[in-house]
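What follows is a set of notes on a single structure, which appears directly below.
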Amino acid sequence: MLKKTFTALTLCLSLSMATLAGNAPQNPASTKYNVTVDLANAQNDRVQVTVQAPAITRNDIVYNMPKIVPGTYSVSDFGKFVNDFKAYNAKGDTLAVERLDTNRWKISNATQLDRITYWVDDTFDAPKREDVVFEPGGTNIEEGKNFLINPFGFIGYFDDLKQVPYTLNITKPEGFYGSTPLVAAATTDKQDTFELPNYVELADSPLMYNRPDTTIIDLGGTDVLVSVYSPSGRVTSGPIAANVKSILEAQRSYLGGTLPVDKYAFLIYVPERVGKSGSFGALEHSYSSVYFLPEMPEEQFSSTIRDVAAHEFFHIVTPLNVHSEEIGNFDFINPKMSKHLWLYEGVTEYFATHVQLYEGLYDMDTFLDKTRDYILTSKTYYNDTLPFTEMSANVLDKYANEYGNVYQKGALIGMVLDVRLRELSQGKYSLRDLMLDLSKTYGKENAFKDDELFDKIAELTYPEIRDFFARYVEGSEPLPLEETFRKVGILYQPKGQQEIISYGSFAPGYDEETGKIKVADTTDMDAFGRKIGFRNNDLLLAFNGTEITPANIRQLISEDLQNMKPGEKLTFTVGRLNEKGEMKEKKLKGRATAIKREQQHLLKPDPMATPEQLQLRNAWLGIEGA
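With mature numbering (1 follows the signal peptide of the UniProt record, and there is no 0) as the guide, the letters of the sequence shown map in order to residues -21 to -1, 1 to 605.
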């Protein structure tokens, strides 16, 4: 899962109730589930789910809705959104049901069970703050508009029957198309049917239904579906597909020229306003990823979707082909967390950045800027001496606040490990090679034991790598960043001075009413900020004519502003209350002003790098001459 918050400047027939009460089952001794999700008859942002049960051999059976799902590392409690739960025998008589807790229902006389029915509310409209689910891992029900179906939000499983096959039927409104990584076993204008081997794969296969806006990218053996739902119609699939094609081609090259999937789907929901979680981002699946990203100018949207898509698409390597038993047989009610978030999220994030330099999509300066961001964020906001394996194993409770570090220090672990492997192999063996070897060793069907992974990696590579994990991943030692960068001829300064173009040095904030960034405090504002005239509570509306949003302000300040030369004219447009309390636009004009500022974790190529350092750097970064 990749999440960006504001504060971080960040898936038969329709059965009526009469039918349910009267008809006999089609297959009373079925060895699989037959599930119908009725989108065609949604009512008040709710849909009905009918689960034709597999054969039950015990007197009592428990039906479970997931408490936690893979990739989110947080409690969702999807049972909160289930109402009017009923169980029926083959004659249509109801069976006794007891709700055990938020996510579990016990059904009595279960050997007679034919089917259950219930209604599901969507998470996008959760009325209580404590019930809010990060949107890419949630559900949306908008009659006539859009249905975002993460199956774990609609469908559960019976105790000990998680590995039984599922037939999934989606009844759909006229004109609606279902975007999904799944290939339909049957489809008509009114219904799609899919066959899944077990609950884990069902839960891992999102669907989005609406009037279609889709584009297919052919990656030579892999079809990539880009599907967009944008209520305003201002964001469409064509430009997004064109934009991400280059990064997907780069990733195919990076992974050796072939991809381990035949079909992949990007399901992209573009809201007109921020969702109830207050966050934007994406959730990975083995063959797809779901996005909840805001509208923004095309250039900014393209940049954002490329970076996020690069991360999520790399999950086709891990956890699809490299995962622990905790992931391969995930417990949706009481999960045991793997110790290896450094692998699932950290290495994935590192690859998403490294591939773009390695395959020539951006330059060294951009790569070093992104690496600096990892270092700065990790050391500023998280516990740098907390063993990463300990954090991972306890991320649901004790160390929930440390989760974000998987994308920061986790990426740095990947980087340092990559350089170390290159060093030990005289530049010939990389982290990419290791991941490919792990994929061959394990693959989709075979999980590794959590406590054995480090030893297996050392066996596949070098004994020294076991020491690396003991010290920096299992242990509390900070990563040897200065030493690592020195090996590849890059100067690393934990503290230093740098000349930058000032934005005014005011303290920014977020205005919930307007959804704009505001000037929260001018106490420590610099000379440029005072001269141009920022005031407390000014809303930042535009910079040099480009609208400022929470999604693009970082690019505007850290890139566009910094690319200006001292003395160039610039304009900030702000919203300011007048004496009557009316919000009026005001243009603040000035000239780009350079200031000296103490900066942390500066990175730059060493002009005095030795031939040995350059050789290792070139091998690491795929620079010609390696």
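All C-beta atoms in this analysis are idealised placements derived from N, C-alpha and C, irrespective of residue type, glycine included.
Would you kindly report the start and end of the unbroken alpha helix (DSSP H) that includes residue i?
i: N313; result: Premise fails: N313 is in no alpha helix (DSSP H) and is neither H nor E.
i: I47; result: Element bounds for I47: n/a, residue is neither H nor E.
i: L413; result: 410 to 420
i: V301; result: Here V301 belongs to no alpha helix (DSSP H), and DSSP marks it neither H nor E.
i: R509; result: 506 to 511
i: Y233; result: 216 to 233
i: A573; result: Per DSSP, A573 belongs to no alpha helix (DSSP H); it is in the beta strand (DSSP E), 573 to 584.
i: N597; result: 590 to 600
Under 9 angstroms, Cβ to Cβ, is there at least one residue of chain D near residue i?
i: P160; result: The displayed structure is made up of one protein chain only, and chain D is not part of it.
Three-state secondary structure (DSSP) at residue i?
i: N177; result: coil
i: M275; result: coil
i: L365; result: coil
i: G157; result: strand
i: L340; result: coil
i: M394; result: helix
i: P529; result: coil
i: F137; result: strand
i: V452; result: coil
i: residue 609; result: Outside the shown range of the chain, which is -21 to 605, sits residue 609, and nothing can be said about it.
i: D434; result: helix
i: I306; result: helix
i: K358; result: helix
i: P106; result: coil
i: D517; result: coil
i: S281; result: helix
i: V111; result: coil
State yes or no: is the C-beta of residue i within less than 9 angstroms of the C-beta of residue j?
i: Q142; j: Y178; result: yes
i: R25; j: I149; result: no
i: I306; j: Y323; result: yes
i: G512; j: L549; result: no
i: S158; j: L186; result: yes
i: G393; j: L410; result: yes
i: G135; j: L127; result: no
i: S418; j: P239; result: yes
i: L391; j: Y329; result: yes
i: L519; j: I527; result: yes
i: A530; j: P273; result: yes
Should residue i be labelled buried (16 or more other beta-carbon atoms within 10 Å of its own) or exposed?
i: V205; result: buried
i: N13; result: buried
i: E291; result: buried
i: K151; result: buried
i: P586; result: exposed
i: A3; result: Confidence is the limiting factor: at A3 the pLDDT is only 35, short of 50, which leaves the residue's position unreliable, though a coordinate-based value still follows. Result: exposed.
i: G212; result: exposed
i: I195; result: exposed
i: L227; result: buried
i: A(-4); result: With a pLDDT of 28 at A(-4), under the threshold of 50, the predicted position of this residue should be treated as unreliable, though the coordinate-derived value follows. Under this definition A(-4) is an exposed residue.
i: R94; result: buried
i: S455; result: exposed
i: Q476; result: exposed
i: V162; result: exposed
i: T552; result: buried
i: L556; result: exposed
On the DSSP letters alone, give me the boundaries of the beta strand (DSSP E) that residue i sits inside.
i: N125; result: 125 to 128
i: A499; result: 495 to 500
i: F245; result: 242 to 248
i: E547; result: It is not in any beta strand (DSSP E) - E547 carries neither H nor E in the DSSP assignment.
i: K97; result: Note that residue 97 is Tyr in the sequence shown, not Lys. That run of the beta strand (DSSP E) goes 92 to 100.
i: R83; result: 83 to 86
Spatial neighbours of residue i within its chain, please: C-beta separation below 7 angstroms, excluding the five flanking residues on both sides.
i: T36; result: T90
i: L595; result: R401, E402, G406, K466, V467
i: K510; result: G569
i: P33; result: S9, T10, K11, Y12, L140, V143
i: T463; result: V395, V398
i: G217; result: T194
Considering only residues of the same chain and omitting the five flanking positions on each side of residue i, which have a CB-CB separation below 6 angstroms?
i: K349; result: T332
i: L470; result: K583, D585
i: N88; result: L74
i: I354; result: H580
i: T172; result: N148, A164, A165
i: Q27; result: D17, W98
i: K435; result: none
i: V302; result: For the sequence presented, residue 302 should be read as His rather than Val. Answer for H302: A426, listed in chain order.
Suppose the cutoff is 8 angstroms on Cβ atoms and the five residues either side in sequence are ignored; what does the same chain contact list for residue i look like?
i: W599; result: D397, V398, R401, G406, S409, V467
i: N6; result: Bear in mind that the predicted position of N6 carries a pLDDT of just 42, short of 50, making it unreliable; the figure below should be weighed with that in mind. These residues qualify, in order along the chain: N13, Q31.
i: S222; result: Note that residue 222 is Asn in the sequence shown here, rather than Ser. Only S281, I284, R285 meet the Cβ criterion.
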